[in-house]
Amino acid sequence: MPAGKRLAPALSDLEPVLRTFGELDIDDATAPLLVGMSAATINRRLVPERKKHVLRGRSHTKPGTLLKSQIPIRTWAQWDDIVPGFVEIDLVNSARMPV
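Each residue of the sequence shown is one higher than the last, beginning at 1 in UniProt numbering.
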């Protein structure tokens, strides 16, 4: 959910508190403009800030041949997933970022 949808309704309560504790430094003429800002405007104004905080992984799964011969690969006929406690996990890069 975009931040504007949650932030816009709460701004009228948050603005005086943030100004009291020095977390928001705006003048009295700007305060009503901030409180009246729509959710869509908040989201548009946050785009540059969000780009600064994009999480990027340090490494991703890379293909290698050193362990390929040691990793058992099962075909469709070898599955025994009815046994209680059977778990299988795939480690896949789903971030859609270049590797």
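Each residue gets a CB set at the ideal place from its N, CA and C atoms; glycine is no exception.
Item, Value
"Counting only runs of 4+ residues fully inside the stretch 30-79, write out the alpha helix (DSSP H) ranges in chain order.", "31-35 and 39-52"
"Leaving aside the five residues before and after Arg50 along the sequence, list all residues of the same chain whose C-beta is less than 6 Å from its C-beta, in chain order.", "none"
"Where Leu18 and Arg56 are concerned, what is the direct C-alpha to C-alpha distance, given to the nearest angstrom?", "31 Å"
"Which residues in the same chain as Lys5 place their Cβ atom closer than 6 Å to its Cβ, once the five residues preceding and following it in sequence are excluded?", "Ala39"
"Taking a contact to mean a Cβ-Cβ separation below 9 Å, would you say Ala3 touches Leu46 in this structure?", "yes"
"With distances taken Cα to Cα, identify the nearest neighbour of residue 102 among Thr20, Asp25 and Ala31.", "Outside the shown range of the chain (1 to 99) lies residue 102, about which nothing can therefore be said."
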